[in-house]
Every structure is written in C-alpha cells, then in structure tokens.
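Numbering (UniProt numbering), first residue to last: 1 to 403.
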Amino acid sequence: MSRTRSVLISGASVAGPTLAFWLHRYGFRVTVVETAAGVRGGGYPIDLRGVAVDVVRRTGLLDRLTATRTRTRRITFVDADGEPVGSLSPAALTGGAAEDIELPRGSLTSALHDITRDDVEYLFDDSVTALDDRVDGVDVTFRGGTHRTFDLVIGADGLHSTVRALAFGPEERYLHHLGYRFTGFTAPNRTDLDHEAVIWNVPGRMTTRYAVGHSDHVHAFFAFTSPPPTAGEPHDRDATLRLTERTFATDGWQTPQLLADLRTATDVFSDTVSQIRMPTWSTGRVALTGDAAHATSFLAGQGTSLAVVGAYVLAGELATHDNHTDAFTSYRRTLVDFVERNQSLALGPNTLIPKTRTALWLRNQTTRLLPLLTKTNLFGHNVTRAATSLSLPDYTPKTAEHR
Ligand SMILES: Cc1cc2nc3c(=O)[nH]c(=O)nc-3n(C[C@H](O)[C@H](O)[C@H](O)COP(=O)(O)OP(=O)(O)OC[C@H]3O[C@@H](n4cnc5c(N)ncnc54)[C@H](O)[C@@H]3O)c2cc1C
C-alpha cells in the first residue's frame with residue numbers, strides 16, 4: 001500500500017500507546033482517543049514479565065521502567081485474627097525471572113505517553129460513540145460531536161471496551177465471570193508498611209494493603225467471592241460501598257478500620273473479576289487489543305504483559321501486511337496460544353483468595369514451609385512458563401519498506 005494508513009486507537013493506557021508507538025515507527029498516521037481528561041496514573045503495582053520485558057527493551061524503555069521498580073521485599077499472609085502465617089518473596093508468589101519488572105502502573109502509562117505524545121495525535125476527554133465500518137474506511141462519530149474517517153480503528157479501551165460493544169456486540173457474550181469482585185482504593189499507611197504487602201484471608205475473602213515503596217499511603221484492596229453480576233445492577237460508588245461493607249461486616253482485626261478508610265477514599269474503583277474470551281479479535285476494519293480483546297483478570301497477573309506484547313504484535317503484523325485482513329488473521333494466529341496459556345493462570349487453585357477452609361489451610365501450610373522456600377518460585381513456576389511461551393517476532397527488517 002503506497003499511501004500512509006490512518007489508525008484510530010481508543011484507549012490511552014498500556015495497549016493503546018504501545019500500539020501507537022510501533023505504528024508510528026512503521027509509518028502510520030495515529031490518533032489516540034481517551035475518555036479520561038489525561039493519562040490515568042494510578043499507582044497499583046503491575047508486572048512486566050517474560051517476552052513483555054523484551055518488548056519494552058525494543059521500545060527503548062527498559063532502563064526508565066527498571067528504575068521505577070517497586071522493590072517489594074515481602075508479602076505476608078495473616079490469618080483471621082491478624083496472626084502472621086508466613087512471608088514470601090514476590091518472586092515465590094507470582095513467579096519471576098530476574099529481569100521481570102514490578103512497577104507502579106502510572107510509571108508505565110506515563111512513560112508510554114511521553115514517548116508518543118510528540119508523534120501521535122491525542123484526543124483526551126472524548127470517546128467513540130458510533131462506528132460505520134465501510135469497505136474503504138471507518139466513519140467514526142465522537143462524543144464531542146465530530147465525525148472523522150480512518151483506515152482502521154483499534155479498541156484498546158479495556159475490559160468494558162466501547163469499541164468491542166459497537167463492533168462485536170454486547171459485553172455479556174465475551175465476559176467470563178471468575179466468581180469474585182474487588183474494591184480498590186488508596187488508604188493511609190497506618191501500620192508503617194515499607195516495600196511490602198499484607199494479605200489477610202478468611203475463606204472466600206481477602207484484604208490487602210500494599211505499600212509500593214514507603215510513604216504515608218498504601219494501595220488497599222478488598223476481594224471476595226461473588227455470583228455473576230445481574231443485568232442492570234448499579235455500579236455506582238454507593239452500591240460498591242454497601243456491598244463491600246455488607247460482605248466484610250463481621251470481620252475482625254483491621255477490617256473495620258479499612259472499611260472506614262474506604263468510606264472516605266476519593267479513588268474507589270470496583271469491578272467483577274472477569275476475563276474476556278473471544279473467537280475473533282477483528283471484524284472488517286476494526287480490531288481489539290489488550291484487555292479489550294483478552295483481559296486475564298488480576299488473578300493471572302499477566303494483563304499488562306499481554307497488553308504490551310499484543311500491541312507490539314498487532315503493529316508489526318499491520319506493518320508487514322498490505323492487507324489489514326491478513327494482518328489481523330496473522331495477529332491472532334501469532335498470539336492466541338500465548339493469550340490462552342496466560343488466561344489459564346487465573347483458573348487454577350487460587351493462592352490469593354482460597355475459597356474453602358481446606359484450600360486456605362493448604363495455602364497456609366505451604367507458606368509456613370519458610371524459610372526453606374523464600375527463594376523458591378513456589379507458586380509462580382506456571383507464571384514464568386506462560387510469560388515466556390511466545391517467541392517474539394522481530395518485525396524490524398521489514399519496516400523500511402513501510403515508511
Ligand atoms: C486492581 C487491578 C490490579 C491489577 N493488577 C495487575 C497486576 O498485578 N499485574 C498485571 O500485569 N496486571 C494487573 N492488572 C491488569 C492491568 O491493569 C490490565 O491488564 C492492563 O492495564 C491492560 O491494559 P489495557 O491498556 O489493555 O487496558 P486498560 O489499562 O484498562 O486501559 C483502557 C483505557 O481505555 C480508556 N477507555 C475506556 N473506555 C473508553 C472509551 N469509551 N473511549 C476512550 N477511552 C476509553 C480507559 O480510560 C483506559 O485509559 C490489574 C488490574 C486491576 C484493575
């Protein structure tokens with residue numbers, strides 16, 4: 001194809017700007033629309049593992065991101081009364097090769113924005129409201145009232161993707177509820193946690209306080225077993241608070257204080273713990289990437305790595321195929337096995353929120369085998385295997401043809 005192809009990407013978090021970076025490098029004209037007023041920061045820790053580390057290396061961000069590593073020292077499980085069960089190194093819990101990087105989510109999103117902001121058109125505080133996918137382009141209507149036409153539209157707009165709803169149909173078709181909900185927020189660091197997390201469990205319920213570094217606040221988290229959401233149920237802040245308070249109402253130790261902190265928090269976010277599974281990630285001139293295509297849930301801990309790798313592969317396939325249909329086919333063929341392996345990490349026995357007394361007892365007994373296992377990749381060997389289960393294509397030699 002001789003002329004420059006234009007691409008609209010919906011979503012400016014991880015997958016969107018990664019895709020924008022590589023598409024720009026391959027000579028595409030890129031616009032990113034983001035519903036928020038700016039790049040969403042949010043400091044909860046995310047992980048770049050396995051081939052995702054190779055992608056950030058190729059993107060030129062390895063040193064910058066490595067410098068923001070959380071350097072979490074330990075994760076301590078405590079029982080219903082707050083008595084320590086044992087502590088693990090993060091690598092023992094979640095897997096981890098030495099080069100893997102746990103970092104605050106905002107460090108990654110702002111780095112990706114920084115390296116694309118001069119080359120890519122960003123439209124903040126706007127979103128796509130209608131798509132007309134024609135033979136020769138996609139007519140897009142924006143919430144702000146403008147209409148534009150692009151050669152391709154890519155949804156990188158997360159678990160509840162609007163592009164997916166517009167082009168592929170209702171979310172219910174693709175959302176697989178994993179049996180939990182979570183509520184996250186920023187809380188005061190009342191117990192002076194320092195580069196560490198404390199996880200409290202009773203069967204089917206968890207609270208976490210995660211100190212990313214050492215400061216006056218922690219990332220707090222309630223998670224609990226829950227039936228699938230019902231159609232039309234409220235998702236507002238009050239409904240979230242009511243449900244969380246009801247679920248943890250009789251729990252002891254520091255839970256009442258954490259519930260009080262939740263009531264005054266200004267950044268409460270809440271959702272079901274779900275995956276997106278789809279038989280295809282493209283239709284016509286529209287495709288999906290990141291959580292919009294294949295959310296894994298935090299139980300797998302691989303959502304960010306998949307977002308980075310998937311966006312890199314999608315850009316490379318578009319750069320090396322003149323025909324977007326072939327590119328989209330190759331994109332899925334290259335990634336689908338990798339995605340499914342990583343999604344399956346969330347489906348096995350659950351280390352973080354064991355559902356039954358027996359499962360919790362087993363998790364705790366394993367944890368108590370310390371200090372023998374502190375340096376062992378105890379629960380995480382499957383993570384490492386899944387995170388490295390793709391041979392990352394190198395699209396570099398072909399890029400010159402596409403400039
Ligand atoms: C509580 C929690 C903990 C997690 N922990 C981990 C972890 O430990 N390790 C890990 O690897 N992953 C973790 N994840 C998952 C990780 O955050 C995601 O998998 C990853 O951010 C996916 O990136 P994405 O760019 O595809 O989507 P998202 O990060 O969800 O970004 C989507 C973007 O699209 C924007 N958007 C939404 N709708 C529209 C619209 N209509 N128009 C325009 N823009 C829109 C959003 O504002 C957002 O900026 C966690 C997620 C959560 C919620």
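Just so it is clear, CB atoms sit at the ideal spot from N, CA and C, and this is done for glycine as well.
Opposing strand residues paired with residue i [DSSP bridges]
i, result
"residue 275", "176"
"residue 88", "75"
"residue 104", "45"
"residue 34", "124"
"residue 269", "184"
Helix, strand or coil at residue i according to DSSP, with G and I counted as helix
i, result
"residue 251", "coil"
"residue 281", "coil"
"residue 25", "helix"
"residue 307", "helix"
"residue 230", "coil"
"residue 117", "coil"
"residue 386", "helix"
"residue 111", "helix"
"residue 289", "coil"
"residue 224", "strand"
"residue 51", "helix"
"residue 298", "coil"
"residue 217", "strand"
"residue 369", "coil"
"residue 7", "strand"
"residue 330", "helix"
"residue 209", "strand"
"residue 316", "helix"
"residue 324", "helix"
"residue 402", "Residue placement at residue 402 is flagged as unreliable, the pLDDT there being 46, under the threshold of 50; a coordinate-derived value is accordingly withheld."
"residue 56", "helix"
"residue 69", "coil"
"residue 350", "coil"
"residue 344", "helix"
"residue 416", "Absent from the model: residue 416. The displayed extent of the chain is 1 to 403, so no value can be given."
"residue 256", "helix"
"residue 359", "helix"
"residue 394", "coil"
"residue 245", "helix"
"residue 61", "coil"
"residue 81", "coil"
"residue 40", "coil"
"residue 236", "coil"
"residue 1", "Its pLDDT being 46, under 50, residue 1 is placed unreliably by the model, and nothing is read from it."
"residue 98", "coil"
Closest Cα partner of residue i within the set the options
i, options, result
"residue 47", "245, 35, 91, 327", "91"
"residue 159", "240, 6, 170", "170"
"residue 254", "81, 63, 54", "81"
"residue 155", "202, 319, 31", "31"
"residue 272", "249, 230, 306", "230"
"residue 194", "71, 332, 321, 43", "71"
"residue 142", "130, 135, 356", "130"
"residue 99", "57, 139, 182, 73", "57"
"residue 330", "264, 282, 103, 65", "282"
"residue 42", "52, 50, 212, 204", "212"
"residue 347", "236, 39, 178", "178"
"residue 300", "287, 107, 276", "276"
"residue 285", "225, 217, 133, 215", "133"
"residue 128", "289, 119, 140, 117", "140"
Residue i at chain B interface by Cβ criterion, 9 Å
i, result
"residue 256", "In the displayed structure, chain B is absent; only one protein chain is listed."
At 3 residues or longer, and completely inside the segment 120–204: list those beta strand (DSSP E) runs for me, N to C. As summarised for the segment 120–204, the continuous beta strand (DSSP E) elements at least 3 residues long and confined to that stretch are 121–124, 128–133, 138–142, 147–150, 152–155, 175–188, 196–202, given in chain order.
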